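Quick notes on the structure that follows.
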Amino acid sequence: MEVAAKYKGARLSAQKARLVADQVRGKAVEDALDILTFSPKKA
């Protein structure tokens, strides 16, 4: 199943958001949440 999320009101660049998205892409939800919890990026 393929899912796409879009947020048009983001106040950050696409490049910065892509850095975070690349870290969590393909991971399980639990693993992705752990990564995002300790990530210093705003995205």
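Take 0 as the starting number for the sequence shown in numbering that gives the first Met the number 0 and just add one per residue. Glycine included, every Cβ here is placed at the ideal spot set by N, Cα and C. Computed from a predicted structure; not experimentally measured.
L18 and K41 closer than 7 Å at C-beta: no
Quick check on the DSSP output: the alpha helix (DSSP H) that includes A20 runs from which residue to which? Residues A13 to V23.
Distance between G25 and A4 (C-alpha atoms, nearest Å): 14 Å
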